[in-house]
Every structure is written in C-alpha cells, then in structure tokens.
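Written out below as structure tokens is the structure these notes cover.
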Amino acid sequence: MSNSTIIQDVLKGVCTEEDVSDAFFELANTPVVMFRLPNKARTLQIHQDSQVQKQHTGGIVWETSVLLLNFLLLSNVNVGKTVLELGAGCGLLGLGLALANDSVHVTVTDTAQVVAQVHKNVTMNQLHQDSRITVCALDWTQYQEDAVISSVAAHSFDTLVATDVLFSPELVQPLLETMQYFAKPDACMYLCVQIRCAKSHALFLQRLGEFGWRSSDVTDELRAIPECQWGPWMGCQLFQLTRI
Ligand SMILES: C[S@@+](CC[C@H](N)C(=O)[O-])C[C@H]1O[C@@H](n2cnc3c(N)ncnc32)[C@H](O)[C@@H]1O
C-alpha cells in the first residue's frame, strides 16, 4: 500500500456499494490522501491519523466529506463569500472549498483536540499564509465562549457545511444552536450524512424548525454528477437547509 493516494483515482470505476466500501477502507488506511481540485493544477493533501480521536473519529476523511466537496465543486454551487465548516475532522471539505474558490473565506472548525490536525494539514499544504482560511476550535457545547476566543462573529456566514455530524442525540441541540448562532438570516447550509445513529438523525430533522431552518432532501441531485453517484449506494443523504 502506498503512503499517499489520490482519492479520485481510488474511486474511479467503482460500480457497487462493496467497491466503494473497499475504496474507503483503502483510503482510511493511507497516512496521506490527496484530492485533485477540478480546474486547478494542484492537489490538496490531507494527513490522516486514526489515533487523534477514537470517539466520533475526526482523524480520517469520511465518505460524506468527499461526496459533499465533489458536489459543491462540480455542480458549481454559489457558496457566497463566507463559509463555516462544523465538525471538520481532517479539514478536507473546508480546505478544498477555499482552494477551489478564490473569492471565499472559509472558517474550518472542530473541537480543540481535532482542530490541531487541521492546522497540520494547513501547514502541509502551505496554506498558513492564506488569509482566506481560518482554522479554530468551535465546540458545539461551548460555541459562544469559543467564538469569543477565536473572534468569530455571530450571524456572519453565508453558507454552513457539515458532514457526518449526527451521531449523538445529546449533541443535536448544541449543534442546532451553533448553526443558528453563526448563520446569516439568509444563510444556506449543506449537510451530508450517512445514518449512523437513527435517533440523532430523526431528532435533528424534527427539531430543525425550532432553530429557524427548513430542510430539503436533495440526495437525488447527487445522481446527476458522475463523481457523486456512489453516494446514494452508500446510503449517503444530502440536505440543503435554508432559513425560515
Ligand atoms: C464522523 S466525524 C466527521 C468528520 C468530517 N466532517 C468528515 O466527514 O470527514 C465527526 C466530527 O464531529 C466532531 N465533533 C464531535 N463532537 C463535537 C463537538 N461537540 N463540537 C464540534 N465538533 C464535534 C468530531 O471531532 C469529528 O471530527
């Protein structure tokens, strides 16, 4: 097995759920994975470390982050000028969005423990001088304190993105509060998930309205993009959330 692998090459030609599972098993066991940015002569390198956090592991790139990054880049979604990624893990999605869009400022966040890994990936890709990228701790259970420490303003983001963040019923309300706090009044959010915890998934969708969001299941839009067709085979769902 090589020490670094281009994600798109590993996924090329997959035709069944088993192929996709095998591809992500290979990727999860590769220390550095790379994502080739469409229309850019560069790849993003992502260091993975499964030891970073054993619970809800943010140490590896999850399927849904590859899927949502492909979707946002290949369907040319306009993410506005300010993007917030919640529960970023290794940072593939947020860093990929920043690198692909010259006019976007992306704030990539996770718990303090995990965000150290995003800093490492920023350095590995020589992005530490890029003023369009902010990496900071933003724990959903203490988002107001973390926002003050990192100078992240309330209601300042055009688009929020998150992948595989519905795994614990106790974290559903903190996540919804965090989303409400940072979104602009006309913000949009893209959430891509696999159902890992049915209770959390149902609770999140059921309580969205209380926090000023409505959801639309746009999973079918994945089928129109060849690089995203494997998502629905894996049970991945894509939601577009808008403010009520
Ligand atoms: C399954 S991982 C998904 C990581 C990444 N989004 C991906 O798809 O590759 C879930 C992420 O949620 C983060 N997380 C868990 N609890 C959190 C909290 N209280 N506040 C912020 N992030 C949290 C974890 O650190 C982890 O990175």
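Just add 112 to wherever you are in the sequence shown, counting from 1, and you've got my numbering.
Glycine included, every Cβ here is placed at the ideal spot set by N, Cα and C.
Quantities reported herein were computed from a predicted structural model and do not represent experimental measurements.
Rounded C-alpha distance that separates residue i from residue j
{"i": "residue 140", "j": "residue 160", "result": "8 Å"}
{"i": "residue 172", "j": "residue 220", "result": "15 Å"}
{"i": "residue 344", "j": "residue 119", "result": "18 Å"}
{"i": "residue 280", "j": "residue 135", "result": "26 Å"}
{"i": "residue 254", "j": "residue 289", "result": "10 Å"}
{"i": "residue 217", "j": "residue 236", "result": "19 Å"}
{"i": "residue 309", "j": "residue 277", "result": "10 Å"}
{"i": "residue 268", "j": "residue 311", "result": "30 Å"}
{"i": "residue 148", "j": "residue 251", "result": "30 Å"}
{"i": "residue 326", "j": "residue 133", "result": "31 Å"}
{"i": "residue 75", "j": "residue 131", "result": "Given a span of 113 to 356 for the chain in the structure shown, any question on residue 75 remains unanswerable."}
{"i": "residue 231", "j": "residue 238", "result": "10 Å"}
{"i": "residue 319", "j": "residue 203", "result": "27 Å"}
{"i": "residue 179", "j": "residue 340", "result": "6 Å"}
{"i": "residue 355", "j": "residue 297", "result": "7 Å"}
{"i": "residue 128", "j": "residue 144", "result": "25 Å"}
{"i": "residue 155", "j": "residue 146", "result": "6 Å"}
{"i": "residue 113", "j": "residue 122", "result": "Note that residue 113 has pLDDT 47, beneath the 50 cutoff, so the model's placement of it is unreliable and the number below is only indicative. Their Cα atoms are separated by approximately 12 Å."}
{"i": "residue 321", "j": "residue 142", "result": "40 Å"}
{"i": "residue 190", "j": "residue 352", "result": "13 Å"}
{"i": "residue 150", "j": "residue 188", "result": "11 Å"}
{"i": "residue 175", "j": "residue 257", "result": "31 Å"}
{"i": "residue 333", "j": "residue 291", "result": "24 Å"}
{"i": "residue 317", "j": "residue 247", "result": "28 Å"}
{"i": "residue 284", "j": "residue 342", "result": "27 Å"}
{"i": "residue 227", "j": "residue 243", "result": "17 Å"}
Residue i, buried or exposed, once every other Cβ within 10 Å from all chains shown has been counted against 16
{"i": "residue 299", "result": "buried"}
{"i": "residue 158", "result": "buried"}
{"i": "residue 348", "result": "buried"}
{"i": "residue 125", "result": "exposed"}
{"i": "residue 225", "result": "exposed"}
{"i": "residue 177", "result": "buried"}
{"i": "residue 245", "result": "buried"}
{"i": "residue 233", "result": "buried"}
{"i": "residue 222", "result": "buried"}
{"i": "residue 201", "result": "buried"}
{"i": "residue 107", "result": "Residue 107 lies beyond the stretch modelled for the chain, which goes from 113 to 356, so this question has no answer here."}
{"i": "residue 137", "result": "exposed"}
{"i": "residue 412", "result": "Residue 412 cannot be examined here, being either before or after the span of the chain that is shown, 113 to 356."}
Bridge partner(s) assigned by DSSP for residue i
{"i": "residue 355", "result": "325"}
{"i": "residue 246", "result": "219"}
{"i": "residue 349", "result": "305"}
{"i": "residue 137", "result": "In DSSP, residue 137 forms no bridge with anything."}
{"i": "residue 272", "result": "196 and 301"}
{"i": "residue 118", "result": "146"}
Short CB-CB distance (under 8 Å) between residue i and chain C
{"i": "residue 175", "result": "Chain labels in this structure do not include chain C; a single protein chain is all it has."}
- Item | Sequence ranges, beta strand (DSSP E) only - wholly within the segment 145-202, length at least 3 | 155-159 and 194-198
- Tell me, please, whether the segment 294-304 touches the segment 266-280 by the rule of three or more beta-carbon pairs shorter than 8 Å. yes
- Message: Would you call the segment 193-203 in contact with the segment 258-272, where contact means no fewer than 3 C-beta pairs closer than 8 Å?
- Response: yes
- Segment contact, 8 Å Cβ cut-off, at least three pairs: the segment 205-212 with the segment 179-195: yes
- Write down every uninterrupted run of the beta strand (DSSP E) in the segment 280-316 whose length is 3 residues or greater and which is fully enclosed by it, in chain order. 295-306
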